Amino acid sequence: MTNASLTRSPSEQYLLDDGDAAGGAPSLISLSMIRGILYRQRYMLAGIIGLALVAALVITLLTRPMYSAAATVRIEPFISYIVNGQNISPEIPVNEVDRYMQTQSTVITSRRIAYQVVDARKLADREDFIGELAKVRPEGMDDAGWKSARREAAADIVEGGTRVVIPTENRIMTIAFDSPSPTIAAEMANAITDAFVQEDVRRSVETNTYARNYLRDEIGKLQQKVQEAEVATNAYARINGIVAQAPVISTATDGQASPAQTVKVATLASVNQTYTEARAKRIAAEQRWNAIANVPATQLPEVQQNTAIQAMITERSKAITELSQLRQRYGEGYPRLRELNAQVTSLTTQINNATAAVKNSIRDEYQIAQRQESALEGELTKVSGDTLVEQDKRVRYNMLDREATALRTQLASLLTRYNEISAAANLNSGVSTKLDAARVPGGPVSPSLPKNMLIGLLLGTALAVGIAILREIFDDRIRSTDEVERKLGLPLLGYTPDVGDRDLAEEVSDPFSVLMEAYSSIRSSVDFVVPGKHRVLQITSSEPSEGKSLTAATIARKYAQLGRRTLLIDADLRKPSLFALFGTKRPDTGFVEVLLGDVKFEDALIKGTPENLDVLPVARSKINPVELLSSQVLIDFVEHYREQYSLIIFDSVPVMGLADAPLLSRIADATIFIVEANRAHYGQAKTAIRRLASAGAKLAGVVLTKYRAGEAGMAYDYHYQYYAYGDRAKD
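The numbers in the sequence shown follow the numbering used here, run straight up by one, and end at 2159.
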């Protein structure tokens, strides 16, 4: 307790902390809490777990034995294709292999496989497989319906008994079948495996057949379209006079044919090329002529390079030389001279004619080039016009030709694919292969007694723990010392152990007993919370028989043993019991008679009590307790005897349902609240304490009686025993 709480009365402290105390903020689950729950619920836990084990045993003995046989299949999603036509189905990505294995598992357990097994093995007619259903025919059912019903029943058995184990480390799938018959289990496991492998092959063949049929139909349709497209193209070309040349295969386009040209386009290209060449020749001839037009013919390079002309010039030079020599010696009449003159004249004429012919040939070449260029230019203009007209017509022609070309390309692709698939038609491209056949099992797999007992133990434990938790949730009884302070919000003054079957009188008479050691500790705590002399102490509880009278009597004795004069008053005017604790009968006079003045105080005390202890019992009085406890007489009585005793202890009635305890708490210096462990409910105790606090009671604390460590979850015994046994050993 803090210093602030010591300066405040316990009842005020409770009212201030009532919100937290009432809420009882739960502590974390601890080992002691679990131990306490198990100890308190031990009989219920043992009973439920025992029943669960018995039920598991009975179920095991009554369950029909089941046998399981398994075959293995190798699943290879990544197929090595021999020819291109095998790759009809799409390849499976690596990250989709697990999903693919799940798909194969679903196929194995499908109704389709079950029907195939039933039909292949004729299971609908086998009594050893479908049992009595093969003989018991419902009334009014025709043969077809009866056959269908047996087939469905057999398929249900096949489908229900099939199990598939999907591998995680490899691609070896296990196909198992469970049956009451070991031979049927092995037979069905092999039959299902064979049906699955055959279904895989059948699916591959059907896929190939479907692909070939589809391609055949598409090829037929496409051939018709190609024919129609080509006819339309040719008809349009014929009407519009478009003549296309054969396409040219070019190495620049990887051997592909270039678009076909028409005759007019080819003619235009040819004329244009010829015109270009003629123009180039004309330009060259014109440049040559312009260069020699004003040059003497004899100075032309062609003349100077002409050997015939140069020979004549040389010959003329010789004749002129000889003529000059002869003229110096002879006259003009000399025959030789006349001959040389004629020769020179003839050679000169020949030279002039030859050089003129050379120059004229260059001019003629230029003129011919001009005429050729002019003619080709006219032809080019005409052909260009015709080509432009044809280009307008070729827009539609090109569209028709491209459409026909595209259809031809598509047809060629389909034909190639069809040939590939046809080549792979007889190849088995299934993904599954039977690895190991199932063998007849040597023993049943179920029921398993250890497994069923373990399941029964687990289920029974879970059910028992659940019920125990529910019982603990709805059980608000106070069991431990921690719960007292946490739930009630009052300090714990101490606790007394449950003596069980031991004699209570012997425990009380033995000063070294565990019970008396506990009360000694409680008495020390009371001294701490109720210090000083001439104090008035009230001891009460929420319900009867919680140990308040024993606590009051024992604490009074402990104080008397310390030399303090103590007065113990039985304030339970309705059902007094204090006299019995001191071994006397119920007296004729007592506390009520003293208050009323009918007897003297000394005459009403119980005789033979320990030294320093006076006990004032209650006689058989019929007076109203509420009137008496709320009267001034009681207040005067307490004030009178307070000075004569170090401590006055009132053994009060329980709080619940009665007004006595709250009335008496007003005149008490402190009130001690008694709570019996494992009996007092939190709600009742809380209500009782609240009533006392509302009446102005000074709540000093709580004493927990009949405390059982096992039910509270404590693994150790009371520490009082250590000292008690030690003291006894000394004795």
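Backbone N, C-alpha and C fix where the C-beta goes; we use that ideal spot for every residue, glycine too. Since the structure is predicted, the reported quantities are computational estimates derived from the model, not experimental observations.
>> Using 8 Å for Cβ pairs, my map puts residue 1863 next to residue 1630. What's the rounded Cβ distance?
In response: Residue 1863 to residue 1630, Cβ: 20 Å. No contact.
>> If we require 3 or more residues per run, which beta strand (DSSP E) segments fall completely within the region 1976–2026?
In response: 1994–1998
> Under 8 Å between the Cβ atoms of residue 1551 and residue 1881?
Replying inline: no
>> If I follow the unbroken beta strand (DSSP E) through residue 2135, where does it start and stop?
In response: 2127–2135
> Roughly how many angstroms separate the alpha carbons of residue 1616 and residue 1633, rounded to a whole number?
Replying inline: 25 Å
> Hey, quick one: how far does the alpha helix (DSSP H) through residue 1576 stretch, first residue to last?
Replying inline: 1571–1589
> Is it true that the region 1477–1492 meets the region 1911–1919, where meeting means three or more beta-carbon pairs spaced less than 8 Å apart?
Replying inline: no
> For residue 1836 versus residue 1654, is the C-beta distance shorter than 8 Å?
Replying inline: yes
> Once you ignore the five residues that flank residue 1573 on each side, which residues in its own chain have a CB closer than 8 Å to its CB?
Replying inline: none
>> Within 10 Å of its beta-carbon, does residue 2121 have 16 or more other beta-carbons around it, so buried, or fewer, so exposed?
In response: buried
>> Considering Cα atoms alone, identify which of 1530, 1645, 1822 is closest to residue 1601.
In response: 1530
> From residue 2131 to residue 2042, what distance separates their C-alpha atoms?
Replying inline: 23 Å
>> Between the region 1879–1895 and the region 1644–1664, can you find at least three pairs of beta-carbon atoms closer than 8 Å?
In response: no
>> Using the Cβ count rule (16 or more neighbours within 10 Å means buried), how would you classify residue 1565?
In response: exposed
> Is residue 1923 helix, strand or coil by DSSP?
Replying inline: strand
>> If I measure Cβ to Cβ from residue 2051 and keep anything under 6 Å in the same chain, skipping five residues before and after, which residues do I get?
In response: 2020
>> Which residue wins for smallest C-alpha separation from residue 2033, given the options 1992, 2024, 2017, 1652?
In response: 2017
>> Quick check on this structure: which residue in 1775, 1706, 1724 has the alpha carbon closest to the alpha carbon of residue 1737?
In response: 1775
> What separation, rounded to the nearest whole angstrom, lies between the Cα atoms of residue 1749 and residue 1777?
Replying inline: 18 Å
>> Using the three-state DSSP reduction, which class does residue 1765 fall into: helix, strand or coil?
In response: helix
> Whose C-beta lies closer than 8 Å to the C-beta of residue 2063 among residues of the same chain, with five residues either side of it excluded?
Replying inline: 2095
> Do you know offhand how far residue 1547's Cα is from residue 1540's?
Replying inline: 11 Å
> Is there contact between the region 1787–1802 and the region 1704–1721, where contact requires at least three CB pairs shorter than 8 Å?
Replying inline: yes
>> Output needed for residue 1838: all residues of its chain with C-beta closer than 8 Å, excluding positions within five of it in sequence on either side, in chain order.
In response: 1650
>> Helix, strand or coil for residue 1789? Go by DSSP, reduced to three states.
In response: helix
> Can we say the region 1972–1985 touches the region 2057–2071, given the rule of at least three CB pairs closer than 8 Å?
Replying inline: no
> Which residues share a DSSP beta bridge with residue 1905?
Replying inline: 2109
> What are the partner residues of residue 1965, as DSSP defines its beta bridges?
Replying inline: 2077, 2098
> How many whole angstroms separate the CB atoms of residue 2102 and residue 2129, which I take to be in contact at a CB cut-off of 8 Å?
Replying inline: Contact flag wrong, Cβ pair sits at about 11 Å.
>> How far does the beta strand (DSSP E) with residue 1601 in it extend, from its first residue to its last?
In response: 1600–1607
> So what does DSSP say about residue 1622, is it helix, strand or coil?
Replying inline: helix
> Can you tell me whether DSSP reads residue 2114 as helix, strand or coil?
Replying inline: helix
>> Are the CB atoms of residue 1496 and residue 1604 within a distance shorter than 8 Å?
In response: yes
> How would you write the range of the alpha helix (DSSP H) that residue 1479 sits in, first residue to last?
Replying inline: 1470–1490
> Does the beta-carbon distance from residue 1904 to residue 2110 come in below 8 Å?
Replying inline: yes
> Any idea which residues DSSP pairs residue 1592 with across the strands?
Replying inline: 1603
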